[in-house]
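S.K.: The numbering of the sequence shown is the numbering used here, which starts it at 726 and goes up by one.
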Amino acid sequence: MDALQKLLFPRANVRGETVVLGDALEQAVVNQNLPVAARRLAGEMAAAALLTAGALQFDGTVALQIEGDGPVRRALAEVRPGYAFRVMVELAAGTDPAKLDPNAKLKDLVNVSGRGRCAFILDRAHRPADEAPYQGVVALEGDTLAQALENYFRHSEQVDTKLVLAADDKTAGGVFLQKMPAEGGKLPADYDPEGWQRLTMFAGTVKSAELLTLSPEDINRRLFWEESPLVTHEAAPHFACTCSKARFDDLVRSLGREEVDAIIREKGALDVACRFCGAKAHYDAIDAAALFTPGVQTQKA
726 MDALQKLLFP
736 RANVRGETVV
746 LGDALEQAVV
756 NQNLPVAARR
766 LAGEMAAAAL
776 LTAGALQFDG
786 TVALQIEGDG
796 PVRRALAEVR
806 PGYAFRVMVE
816 LAAGTDPAKL
826 DPNAKLKDLV
836 NVSGRGRCAF
846 ILDRAHRPAD
856 EAPYQGVVAL
866 EGDTLAQALE
876 NYFRHSEQVD
886 TKLVLAADDK
896 TAGGVFLQKM
906 PAEGGKLPAD
916 YDPEGWQRLT
926 MFAGTVKSAE
936 LLTLSPEDIN
946 RRLFWEESPL
956 VTHEAAPHFA
966 CTCSKARFDD
976 LVRSLGREEV
986 DAIIREKGAL
996 DVACRFCGAK
1006 AHYDAIDAAA
1016 LFTPGVQTQK
1026 A
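(1) Taking Cβ to Cβ, would you say A897 is nearer than 7 Å to L750?
(2) Among V997, A1010, A772 and L912, which residue has its Cα nearest to the Cα of D975?
(3) Using the rule of at least 16 other Cβ atoms within 10 Å of the residue's Cβ for burial, across every protein chain shown, is D1012 buried or exposed?
(4) So what does DSSP say about Q757, is it helix, strand or coil?
(5) Using 8 Å for Cβ pairs, my map puts L816 next to R842. What's the rounded Cβ distance?
(6) Counting only the same chain and skipping the five closest in sequence on each side, list residues whose C-beta sits under 6 Å from that of A1004.
(7) Take the Cβ of K992 as the centre, count every other Cβ of all protein chains shown within 10 Å, and call the residue buried at 16 or more, exposed below.
(8) Using C-beta distances below 6 Å, list every residue in its chain close to A1026, excluding the 5 sequence neighbours before and after it, in chain order.
(9) Count the other CB atoms within 10 Å of the CB of G793; is the residue buried (16 or more) or exposed (fewer)?
(10) State the DSSP-derived secondary structure class of H880, mapped to helix, strand or coil.
(11) Could you round the C-beta distance between A753 and V812 to whole angstroms and report it? I think they count as a contact, below 8 Å.
(12) Given a cut-off of 7 Å, decide if L733 and T957 are closer than it, judged by their beta-carbon atoms.
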């Protein structure tokens, strides 16, 4: 099951979302050969990025990245319009996947020294080449990814957010609540000042097993049936990678002719692979020469 449902709680002036990932998450990580702990992190990252993208309604790519000095050096999830997503987890050099504790926490995975970073990158559609994507970066603080992202929104965006995430090695799910700004500086006439506290309390009661086995509709019904939320949107998140032969060519060109030729002389060929989906491209000496010859295109992948 891969589904997302967006809610609105008008009297509390709160928006909410619930997401559940199954087959799409498996497609996203199947070629990365990740140990269980890293697959769980990938699931939480994908769920969190989808929930954030849904709340922002941003016309472009929303990326969530965390990095640090643990066995996991970096994790990145990207969401594009239409809830197309991809996610990757990069292990640090020298990490033995077989020795990674399946139940390792965020600090043990990423933030061993406490110097980890958390970032959201917003890259709008049709962005001019001379315009940089927006990037918000804060310290990676919290015992869980959900806590770290709540801290991000509190410190970077100054908005109260409640996030609950769960993942195993096959599925992931999450519940997201966020206060909305008062429209025109005014709250609804029937505004419920206790609504936020009550909703976050309800969200905090959700069990991991529910997030990993139930549909968003069933989860929301169990959590918020007393609040009569409005369902504002439903979607089906899906895995889709943006890699292509043209992007591989650009990557190889960026190394420069001298370095590419040196690699091919030493190894016989240059092989590149997408960290997200595992797609590969192979360049021999003829391919490399064509890359650096104006007007000539390579054909092999």
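Built from N, CA and C at the ideal position, the CB exists for glycine as well. For clarity, every value in this text was computed on a predicted model and none was experimentally measured.
M.R.: Judging by the given coordinates:
(1) yes
(2) V997
(3) buried
(4) coil
(5) With a Cβ gap of about 17 Å, L816 and R842 do not count as contacting.
(6) C968
(7) Label assigned to K992: exposed.
(8) Unreliable placement is indicated for A1026, whose pLDDT of 48 sits below 50; no coordinate value is reported for it.
(9) buried
(10) In the structure shown, H880 sits in a helix (DSSP, three-state: H, G or I).
(11) 5 Å
(12) yes
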